[in-house]
Amino acid sequence: MAESTETIAERLKDAFDSLTRAERQLADSLLQAYPVSGLASITQVAQNAGVSTPTVVRMVQKLGFAGFPAFQAALRAELEARISDPISKRNTWAESAPEAHILNRFTDAVIGNIRQTLTQIDLDMFERSCAVLADPDRSILVVGGRITHSLAEHFFLHMQVMRAKVTHIQSISNAWPHYLLDVAQGDVVVIFDVRRYENSTLKLAEMARERGAHIILFTDQWRSPVHDLADCAFCGRIVAPSAWDSMVTLMLMLETVIADVQERTWDTSKARMEALEDMFDRTRFFRKFT
1 MAESTETIAE RLKDAFDSLT RAERQLADSL LQAYPVSGLA SITQVAQNAG VSTPTVVRMV
61 QKLGFAGFPA FQAALRAELE ARISDPISKR NTWAESAPEA HILNRFTDAV IGNIRQTLTQ
121 IDLDMFERSC AVLADPDRSI LVVGGRITHS LAEHFFLHMQ VMRAKVTHIQ SISNAWPHYL
181 LDVAQGDVVV IFDVRRYENS TLKLAEMARE RGAHIILFTD QWRSPVHDLA DCAFCGRIVA
241 PSAWDSMVTL MLMLETVIAD VQERTWDTSK ARMEALEDMF DRTRFFRKFT
């Protein structure tokens with residue numbers, strides 16, 4: 001399966017309403033430990049889901065595959081894409097790169113990423129996430145990884161202005177367990193994690209979950225392992241004609257969340273913004289031209 005097409009997880013979710021009861025049972029089983037759950041033999045996949053092997057064959061054909069071998073080949077391609085390094089990612093697109101200018105090719109890829117992501121987003125999940133983030137009784141912790149730390153910082157700075165009790169867990173710090181000491185039931189941990197998923201991020205999510213935290217995840221179309229622990233997950237498409245993934249779609253989603261939370265908290269966030277602007281004026285933090 002090429003990176004520009006839907007993942008199998010996305011296909012399963014799109015087709016879910018049209019599946020039979022047994023096929024839905026199989027889909028649930030595949031998504032529980034996705035994508036590894038689909039790499040066993042067809043007999044084992046059927047047994048794990050409590051369905052027959054003909055049910056497996058029928059469902060993968062409904063997803064658009066000629067048969068189970070083609071389905072597994074697509075899963076293996078997804079796994080390879082999830083762990084690929086920058087050099088191999090560049091080689092994937094460079095061999096068949098069109099003649100058009102990089103500005104056009106990159107922009108077309110990003111627009112396609114946005115369009116496909118928006119067709120997949122769960123609006124109810126979006127609303128729940130924003131409501132949780134706007135709840136003043138919950139503390140919020142934000143963490144990113146080696147690349148996504150810039151997204152985490154962007155999110156943190158805006159949330160910190162709008163409301164109290166927001167903490168940025170520095171991803172380069174080996175003292176991150178300290179931040180979990182005061183996490184209470186219902187507090188929110190916002191995690192940014194894209195392919196080449198980081199082990200420390202998964203461990204942080206596991207420990208936060210044990211303490212009763214509500215986890216909101218921003219990840220890619222292949223979904224970080226943190227997805228299995230998350231209460232809400234924003235899955236953005238990130239493939240671009242570059243050795244590096246594009247974070248534009250994730251930035252769009254997080255800025256939209258920020259805008260929604262701002263509206264939900266405007267009565268208090270406006271006063272915080274005014275107080276901050278007064279501090280900026282008193283310290284002459286920004287240059288004035290009047």
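full-length UniProt numbering applies: residue 1 is where the sequence shown begins, and numbers increase by one.
Just so you know, even glycine gets a beta-carbon here, dropped at the ideal spot from N, CA and C.
Among the residues of its own chain, which have a CB less than 7 Å from the CB of residue i, if the five just before and after it don't count?
{"i": "residue 270", "result": "none"}
{"i": "residue 252", "result": "114"}
{"i": "residue 16", "result": "24, 27"}
Report the CB separation of residue i from residue j in whole angstroms; it is logged as a contact under 8 Å.
{"i": "residue 75", "j": "residue 39", "result": "6 Å"}
{"i": "residue 196", "j": "residue 265", "result": "No, residue 196 and residue 265 are not in contact; Cβ-Cβ is about 34 Å, not under 8 Å."}
{"i": "residue 42", "j": "residue 56", "result": "5 Å"}
{"i": "residue 109", "j": "residue 239", "result": "7 Å"}
{"i": "residue 218", "j": "residue 254", "result": "6 Å"}
On a Cα-Cα basis, can you pick out the residue from the options that is closest to residue i?
{"i": "residue 231", "options": "110, 272, 129", "result": "129"}
{"i": "residue 6", "options": "194, 235, 260", "result": "235"}
{"i": "residue 131", "options": "284, 258, 286", "result": "258"}
{"i": "residue 124", "options": "242, 283, 252, 233", "result": "233"}
{"i": "residue 149", "options": "191, 140, 165", "result": "191"}
{"i": "residue 209", "options": "226, 196, 219", "result": "226"}
{"i": "residue 263", "options": "158, 140, 14, 207", "result": "158"}
{"i": "residue 20", "options": "207, 80, 54, 43", "result": "54"}
{"i": "residue 247", "options": "107, 15, 25", "result": "107"}
{"i": "residue 183", "options": "140, 174, 216", "result": "140"}
If the criterion is Cβ atoms closer than 9 Å, does the pair residue i and residue j meet it?
{"i": "residue 187", "j": "residue 154", "result": "no"}
{"i": "residue 18", "j": "residue 49", "result": "no"}
{"i": "residue 194", "j": "residue 205", "result": "no"}
{"i": "residue 166", "j": "residue 142", "result": "yes"}
{"i": "residue 224", "j": "residue 201", "result": "yes"}
{"i": "residue 180", "j": "residue 211", "result": "yes"}
{"i": "residue 228", "j": "residue 73", "result": "no"}
{"i": "residue 268", "j": "residue 177", "result": "no"}
{"i": "residue 146", "j": "residue 80", "result": "no"}
{"i": "residue 120", "j": "residue 10", "result": "yes"}
Excluding the 5 residues flanking residue i on each side, which residues of the same chain have their C-beta closer than 6 Å to its C-beta?
{"i": "residue 71", "result": "60, 65"}
{"i": "residue 237", "result": "113, 116, 117, 221, 249"}
{"i": "residue 144", "result": "151, 152, 171, 192"}
Leaving out five residues before and five after residue i in sequence, what residues of the same chain have Cβ atoms less than 8 Å from its Cβ?
{"i": "residue 12", "result": "27, 30, 31, 63"}
{"i": "residue 286", "result": "280"}
{"i": "residue 78", "result": "1, 7, 8, 35, 222"}
{"i": "residue 67", "result": "57, 60, 61"}
{"i": "residue 304", "result": "There is simply no residue 304 to check, as the chain begins at 1 and stops at 290 in what is shown."}
{"i": "residue 46", "result": "26, 52, 53, 55, 56"}
Open item on the list: If we require 3 or more residues per run, which beta strand (DSSP E) segments fall completely within the region 163–224?
Closed with: 166–169, 188–192, 214–220
Open item on the list: My parser needs the beta strand (DSSP E) runs of 3 or more residues fully inside the UniProt domain "HTH rpiR-type" (6–82); what are they?
Closed with: none
TODO: Identify every run of the alpha helix (DSSP H) within the region 116–140, keeping only runs that are complete inside it and at least 4 residues long; order them along the chain.
DONE: 123–134
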